[in-house]
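Counting in the numbering used here, the final residue of the sequence shown is number 394, and the numbers go up one at a time with none missing.
Beta carbons: idealized from backbone N, C-alpha and C, even for Gly.
Please read all numbers here as calculations on a predicted model, not as lab measurements.
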Amino acid sequence: MYDIKTYYESQSVADAVRLRLEHPEAHIIAGGSDVLVQMREGKRAGVELISIFMLDELRGVSIDENENIRIGSLTSFSHITKDPIIQKYINVLGEAVDQVGGPQIRNIGTIGGNTCNGVTSADSASTLHAWEALVELTGPEGKRVIPIKDFYKKAKVVDIREGEIQTAILIPKASYENTWGYYIKYAMRNALDIATNGCSVNVRLSEDKKTFDRVRVAYGVAGPIPMRCPKAEEFINGKEITMENIETFARTVLEDINPRDSWRASKALRQHVAVESAKRCIVESVKRAGGVL
């Protein structure tokens, strides 16, 4: 059923790095929800695989010494959704990954696999961009931490160097403190479908709840890689919370995004959905933050 040349089982992160260096053409496999499907389709036939599935040190959610929320790269979508730290500080990420595939996929699929796959439609990607996530990579030179916006290089290509594996996703305290967000996935089916558009917004309001102190908005499937919308953010930051400002903010995202025509949806439809999603996401985020519209 699966054409595998050689299968290596990592015993530790250091062992995985060693195997990556010794077998540079080998593919990392974690949950396998992407890799195994691609192998069955013949896209990765005859490959060498390095499994990191048994590395429990890469599972779980915690708050580190710098008060970053640390999500181990092997943490499954199901565990992220149910984790108390996620539910308390960044519930929108749990809601976003709860829309990946079906229950079986969410039980086996990992946050590391979802981001390392490099696709713009990944349900975690827009939320991680909106919350200014950092990606931790471990390789022969030790650990390297980069902003997620720099991790995605181009369509299906991410910044993983020779011998490296992704070991964690970090959400800085400055990004999650006193911040509330909302995610909308637009797809042709209600379940088991790839996003036609994914929009994630989060807000931090002034003390009197009448002004946008800070807003972040990011998209998946609005370009070849997930992206933030700096012009829309610049417009709304510091503005009074009114529907007029929200409507302008939503229209301004069109200056930042660049969706394409495809058999799944036209560029015009994606633009329409992007504007409407931005409006709905920011309205819901305001409500979650205790604001009034």
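Under 8 angstroms, Cβ to Cβ, is there at least one residue of chain D near residue i?
| i | result |
| --- | --- |
| residue 287 | Protein chains in the displayed structure number just one, and chain D is not present. |
Is residue i buried or exposed, if buried means 16 or more other CB atoms sit within 10 Å of its CB?
| i | result |
| --- | --- |
| residue 237 | buried |
| residue 185 | exposed |
| residue 135 | buried |
| residue 215 | buried |
| residue 247 | exposed |
| residue 125 | exposed |
| residue 222 | buried |
| residue 363 | exposed |
| residue 239 | buried |
| residue 277 | buried |
| residue 203 | exposed |
| residue 268 | buried |
| residue 344 | exposed |
| residue 213 | buried |
| residue 143 | exposed |
Would you kindly check if the distance between the Cβ of residue j and the Cβ of residue i is under 8 angstroms?
| i | j | result |
| --- | --- | --- |
| residue 283 | residue 193 | yes |
| residue 379 | residue 336 | no |
| residue 355 | residue 372 | yes |
| residue 155 | residue 146 | no |
| residue 208 | residue 177 | yes |
| residue 270 | residue 234 | yes |
| residue 326 | residue 255 | yes |
| residue 132 | residue 211 | yes |
| residue 257 | residue 220 | yes |
| residue 168 | residue 244 | no |
| residue 390 | residue 359 | no |
| residue 181 | residue 195 | yes |
| residue 321 | residue 292 | no |
| residue 191 | residue 130 | no |
| residue 225 | residue 198 | yes |
| residue 231 | residue 138 | no |
| residue 179 | residue 171 | no |
Going along the chain, which residues of its own chain have a beta-carbon closer than 8 angstroms to the beta-carbon of residue i, five neighbours each way excluded?
| i | result |
| --- | --- |
| residue 315 | 280, 304, 305 and 338 |
| residue 122 | 241, 263 and 264 |
| residue 388 | 394 |
| residue 158 | 113, 114 and 173 |
| residue 348 | 380 |
| residue 294 | 288 |
| residue 117 | 111, 129, 151, 153, 156 and 266 |
| residue 120 | 109, 111, 127 and 151 |
Can you give me the Cβ contacts of residue i inside the same chain, cut-off strictly under 6 angstroms, excluding the 5 residues immediately before and after it?
| i | result |
| --- | --- |
| residue 330 | 318, 354 and 357 |
| residue 252 | 236, 259 and 260 |
| residue 392 | 306, 310 and 342 |
| residue 383 | 302 and 347 |
| residue 218 | 135 |
| residue 103 | 140 |
Tell me the DSSP bridge mates of residue i?
| i | result |
| --- | --- |
| residue 172 | 162 and 270 |
| residue 245 | 238 |
| residue 303 | 282 and 317 |
| residue 230 | Residue 230 is not bridged to any residue. |
| residue 328 | 320 |
| residue 152 | 110 and 130 |
| residue 312 | 341 |
| residue 103 | Looking at the DSSP assignment, residue 103 forms no beta bridge with any residue, so it has no partner. |
| residue 259 | 253 |
| residue 287 | 298 |
| residue 409 | Not covered by the structure: residue 409. The range shown for the chain is 102 to 394. |
Whose C-beta lies closer than 7 angstroms to the C-beta of residue i among residues of the same chain, with five residues either side of it excluded?
| i | result |
| --- | --- |
| residue 311 | 341 and 342 |
| residue 376 | 351, 352, 354 and 355 |
| residue 386 | 281, 282, 283, 302, 303 and 304 |
| residue 313 | 304, 306, 337, 338, 339, 340 and 342 |
Is there contact here, the region 150-159 with the region 283-297, by at least three beta-carbon pairs under 8 angstroms?
-> no
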